[in-house]
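Which chain is which? The protein sequence lines are A and B, in order.
Convert by adding 770 to the 1-based position in the first sequence; the result is the number in the working numbering.
Convert by adding 770 to the 1-based position in the second sequence; the result is the number in the working numbering.
The beta-carbon is built from N, C-alpha and C at its ideal position, and this holds for glycine as well.
One structure is given here, and the rest of the page talks about it.
2 protein chains.
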Amino acid sequence: MPTPPLAGGTAGPAALRPLLDTVLAALHDGAALRGGPLPAGGPDTVTPRTRTATHPLIPDHGTGPHHALRALVTALAAGAADPAHPHCAAHLHTPPLALAAAADLAASALNPSMDSWDQAPAASALEADLTSALATEIYPHAPSPDAVITTGGTEANQLALLLARERHGPVQTVCGANAHHSVARAAWLLGLPEPVVVPAPTGTLDLAALDDALTELHRPLLVVATAGTTDTGEIDPLDAIADLCTTHDAELHIDAAYGGPLLLSPTHRPLLHGLDRAHSVTLDLHKLGWQPASAGLLAVPEHHHLTPLHHHAPYLNADDDTEAGLPDLLGRSLRTTRRPDALKIAVTLQALGRSGLADLVDRTVATAHHLADLITKTPALDLYDRPTISTVLFRPTGADDHTVATVRRTLLQRGHAVLGRAHAEGRLWLKATLLNPHTTPQDLQTLLDLVTDTTTDLLTGPPAEPLTGSQADLPTGPPAPEATPPAPEAAPQTSPAPEAPEAAPTPAPATTHPTPHPTESDTPR
Amino acid sequence: MPTPPLAGGTAGPAALRPLLDTVLAALHDGAALRGGPLPAGGPDTVTPRTRTATHPLIPDHGTGPHHALRALVTALAAGAADPAHPHCAAHLHTPPLALAAAADLAASALNPSMDSWDQAPAASALEADLTSALATEIYPHAPSPDAVITTGGTEANQLALLLARERHGPVQTVCGANAHHSVARAAWLLGLPEPVVVPAPTGTLDLAALDDALTELHRPLLVVATAGTTDTGEIDPLDAIADLCTTHDAELHIDAAYGGPLLLSPTHRPLLHGLDRAHSVTLDLHKLGWQPASAGLLAVPEHHHLTPLHHHAPYLNADDDTEAGLPDLLGRSLRTTRRPDALKIAVTLQALGRSGLADLVDRTVATAHHLADLITKTPALDLYDRPTISTVLFRPTGADDHTVATVRRTLLQRGHAVLGRAHAEGRLWLKATLLNPHTTPQDLQTLLDLVTDTTTDLLTGPPAEPLTGSQADLPTGPPAPEATPPAPEAAPQTSPAPEAPEAAPTPAPATTHPTPHPTESDTPR
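Now the structure itself:
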């Protein structure tokens, strides 16, 4: 086998082109094989099928680039939970824009590493400009706003706690019961005291309880507020929390991983009033920013707040090199080798502009409100509350928590929909996190029909096996040899057939596998 | 502007295709504009040029996807230090294989997130199989080898220290003076005592000194050894270190970020004898594995060693979902949202097989030995030592450290070569880290000619300004309006012209910019 070609240099693009053709064909074929938001059958079907299609992972002799790309990319696409499908709406799991994914290819091909100037001359300049521009969106009146790029909100929250620790020593974190799990995990990682958790009985941090906690606790204190909670998408009362922090001499970090991009929408920006009073802000553009993972940021109002990240490694930032004008990049992250995630973000912002991003944000929020409207009109469903951003909690009327959990798993098992789950007001709810700006009202109606039909099946179907295992989650009924993906216009399915995992075909490279008919909802617009 | 298309679903590939055409054209044009391993002129030229070409980053109204991709990707490529160029050889900064970059596009387009099964049904199965297979390469005789995917060696080393902390409490790390800077940084992050540093006067950890240290220090102890140091590419005596750890009841972590892939080469595998005696091993496939960043791993001999990473977040791994058979993925990383880096790695391993990877490893090591041979034959250059892996240290005969540092910066400033630097035996050396399997003997000879010619310029040129700043690093001489990239066959340049940064053209979208003649060394094979 000749030495395989590289992605870089002037010859790279010609080497990439035929390989990309294979990837695009495999992505298409895999999505068609899947025929819905996720493959049917659950882990018991998908795991062995994927294993068969990708075996052997480390052969003695290679199968060649086209065969390997076709086999593995087809298997990955056929077995994806694809956020571009309107019925894949469980998590803050965004459908990436095509232009952002295309830009990300250039990052892979050039492979700049952001830990020294001589590995990333232009990429480091682009990153510096981008982080400064985004930090200025968050802190428009601050003296020297700056930001560092992270792998996501989890790393950004970790850095926020680390910066507080370095400023003040062993800081006590105080957060709401609605805060992201990464806050407690960061305290554990950093050897800090476990966070004090303030109740959030209505979904947002309780101000009186926070006041009490800040009165009792010893400083140094770091309050973590959330702008867009994972469970309900609610936004803590940021301005009032900032007031309490001022009163009690506590610092404030705001986790705006989800809600941060509302800043770009003139309509929704007021929801974030008070954001710029925080000592640091987490932002994730792989959520409401339509970037492929990862695209996180931690922003601060003053550049020098990042000083504790400074670090010295003579092979990367020798003193005499720095004195001679080579930028010192090592203090921009705790990572060393680092992908230029700035590129896809910058391409997206320049291509769409504020108005284009605002349009995507506004559409997504409107979609969530439309779903809430439809739920309100459906007697068989209860709505938790109107959405703040784009998260909608609902549940089948009268169902117990076990049924709600089983409805979710049955939809997954059948390959019909990917919905999330959240506890609120002491009950379990189905969670739709809407991030797809192409989702139509018809898609939403079909999604609700799937939920109500599945609930009916579960509650009125023939006596079922105990619902304890993934297979047992399915109602009993006549076995069918093949998954039947629902069309959006499908009549309610009163007798759904459970999948027969043992009959599931291997998706790749089995080109003879019958392709399900594409339906409207299979083809994201 | 219509809502921009998504990368996923059956329609994604058709939306991606024209955008990828724009990206490939921009990558080609940017590389041609650059005309060498990196742009000439240093930060003072590259930063403003990049800024101009990418401005405005956040316009009110977007410029559209093709314009933005063309402008930003061209600027990034024109301003890259491209590891696919044979004269870009400073760091463990790999030139990615085209097939790995192509696979990475599929990861961006499908955007599986590795924190829950319902975001990554097939990707999580593929990752589980890949990490198990790679861990088995490292621990062939262990009961249940496993690995987690990281953003690189830095995160893997951090996890190694974290796992030791969770097993034993505040563990004392002991590492060589040759260990990676991330070891000390991890201890700082995790609130652990600063590492005790054992001398490594010959480039590898001194066994007698380690024995003394382990005798004196209080347990719990974690020794960190290195298989492939950053400065010289040397490998600590792993087996002897493991013996000492056994004797002194210390645990052992081996940072094989660089050297780990030698395992795949029957020729070079013996260099890693003793690797499988470590409690954990760091491996980076974005170094000697030709993956775009990032592709790190931390391997352990027994699956249950990863238990301290387990974590509970009800929206991602509710107990009843886990009991019902949905895999719990949250304990596979400290990150939450996580890109499927397993895909590109798996495609590469399957496409090339062990034999193909071994061939790349063997070629790369042979290239380093050839460079050492050429240096030995060049009277004006001194060789530090024969390479262990693919790092070669050398210096102009009789030059002082200041001159060595200035030669490196001058090569950068002129856009002629990207070489690294390392201290060894009390002196500063130029460092060539060879990772490009396409580099030819002629490329290596040209690289050495560039070094000797630049040294001659600096030592014999007209009286220069004091060499304190990036511009001042250049010898004085007649200004030239345009960079003149050297052809590989170029005669020694006795009167090089410094770049005039103010005359540098904006690379994008300036399609009228004169393209330097492509030369052999501009076109990686």
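The beta-bridge partner set that DSSP reports for G1231 (chain A) is empty. Of the candidates A:A868, A:E1004 and A:V994, the residue whose Cα lies closest to the Cα of T924 (chain A) is A:V994.
Just so you know, the alpha carbons of E1004 (chain B) and Q1212 (chain B) end up roughly 26 angstroms apart. Contact between the region 825-843 of chain A and the region 900-907 of chain B is present, with at least three C-beta pairs closer than 8 angstroms. The continuous beta strand (DSSP E) containing S1050 (chain A) extends over residues S1050 to D1054.
For W887 (chain A), the neighbours in chain B by C-beta distance under 9 angstroms run, in chain order, G812, P813, V816, A851 and L1182. Judged by beta-carbon spacing, L862 (chain B) lies within the 8 angstroms limit of K1057 (chain B), meaning their Cβ atoms are closer than that value. Cβ-Cβ distances below 6 angstroms link A1065 (chain B) to L1055, H1056, D1111 and I1115 in the same chain, with the five nearest sequence neighbours on each side left out; the list follows chain order. Around L1041 (chain A), the same chain offers I1005 and L1032 as residues with beta carbons nearer than 6 angstroms, after the five sequence neighbours per side are excluded. For Q1120 (chain A), the closest Cβ of chain B is nearer than 8 angstroms. Look at the region 1165-1191 of chain A and you find these whole runs of alpha helix (DSSP H), each 4 residues long or longer: 1171-1184.
Using a Cβ-Cβ cut-off of 7 angstroms, G1123 (chain A) is close to P829, D830, H831 and G832 of chain B, given in chain order. With a threshold of 8 angstroms between beta carbons, D1046 (chain B) makes no contact with chain A. Membership of E936 (chain B) in the alpha helix (DSSP H) is indicated by the continuous run G923 to H938.
In this structure, T864 (chain A) sits near W1060 (chain A), with a CB-CB distance shorter than 8 angstroms. Take the alpha-carbon of S952 (chain A) and the one of A841 (chain B): they are about 37 angstroms apart.
Close partners of P1084 (chain A) in chain B (Cβ separation under 9 angstroms): H951, D1001, R1191, A1192 and H1193.
If you compare the alpha carbons of A:I1159, A:A892, A:Q1183 and A:S883 with that of S1035 (chain A), the shortest gap goes to A:I1159. In terms of Cβ geometry, P866 (chain A) and A777 (chain B) form a close pair [threshold 8 angstroms]. With respect to the 8 angstroms criterion, Q942 (chain B) and V966 (chain B) are classified as neighbours on the basis of their beta carbons.
Residue ranges of uninterrupted alpha helix (DSSP H) with 4 or more members, entirely inside the region 1092-1151 of chain B and ordered along the chain, are 1112-1146. Within the DSSP secondary-structure output, A917 (chain B) pairs in a beta bridge with B:A1069. With contacts defined as CB atoms closer than 8 angstroms, V918 (chain B) and L1068 (chain B) qualify as a contacting pair. Contact check for T1137 (chain A) and D1152 (chain A): beta-carbon distance about 20 angstroms, past the 8 angstroms limit, so the pair fails to qualify. A distance below 8 angstroms separates the beta carbons of G922 (chain B) and R1105 (chain A).
Runs of beta strand (DSSP E) with 3 or more residues, each lying fully within the region 991-1062 of chain A, are found at 991-996, 1021-1026 and 1050-1054, listed in chain order. Only those residues of the region 1155-1178 of chain B whose C-beta falls short of 7 angstroms from the nearest C-beta of chain A are listed: A1175. Residues are counted here when their Cβ sits less than 9 angstroms from a Cβ of chain B; for the region 907-930 of chain A these are E907, T921, G922, G923, T924, E925 and Q928, given in chain order.
Taking a contact to require three or more Cβ pairs closer than 8 angstroms, the region 1219-1226 of chain A and the region 1164-1184 of chain A qualify as touching. If you check the CB distance, R1165 (chain B) and W1199 (chain B) come in under 8 angstroms. Non-local C-beta neighbours of I908 (chain B) in its own chain, meaning closer than 6 angstroms and more than five positions away in sequence, comprise V1051 and A1069, ordered along the chain.
Look at the region 845-891 of chain A and you find these whole runs of alpha helix (DSSP H), each 4 residues long or longer: 868-880. Bounds of the alpha helix (DSSP H) holding G812 (chain B) are G812 to T824. P835 (chain A) has a beta carbon lying within less than 8 angstroms of a beta carbon in chain B.
Contact check between the region 933-949 of chain B and the region 966-984 of chain B: three or more CB pairs, one atom from each, fall below 8 angstroms, which counts as touching. H855 (chain B) and V1188 (chain B) have their C-alpha atoms spaced approximately 10 angstroms apart.
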